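Q: Before I ask anything, let me first share the structure, which is written out below as structure tokens.
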Amino acid sequence: MLTLSSLTTLLGRASVLDIAYFFIAALAMMLMKSVLFSVREKLFTVNGSELSTLYFTFLSHYKSQHWSFLSHRILHRTSWGIE
């Protein structure tokens, strides 16, 4: 059975993984921009100027959703189960 403590631990560890994914995605988009653009342009019919906007929108939505979850957790001082 899933207890509140184990659910809190699971969500806390998932938050850590989400933060890591965000930073890896942001670094990939900054450092490998030309490679990502060329691959994406070959796979889909989107030009480079639209891709910059799409990548920025993706990161901004991902960041805002994740940080709103984290701020809720911090304000309510719920432990993440990570000692």
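Under our numbering, the residue at position 14 of the sequence shown is numbered 141, and the numbers go up by one with no gaps.
All C-beta atoms in this analysis are idealised placements derived from N, C-alpha and C, irrespective of residue type, glycine included.
These numbers come from a predicted model, not from an experiment.
1) Runs of 4 residues minimum, wholly inside the region 138–202: which ones carry the alpha helix (DSSP H) assignment?
2) Does the Cβ of residue 182 have 16 or more other Cβ atoms within 10 Å, making it buried, or fewer, making it exposed?
3) Would a C-beta distance cut-off of 9 Å place residue 153 and residue 178 closer than the cut-off?
4) I need the DSSP call for residue 129, collapsed to helix, strand or coil.
5) Check whether the Cβ atoms of residue 280 and residue 189 sit closer than 9 Å, and answer yes or no.
A: Once the coordinates are examined:
1) 160–170, 175–202
2) buried
3) no
4) coil
5) Here the chain covers residues 128 to 210 and nothing more, so residue 280 does not appear.
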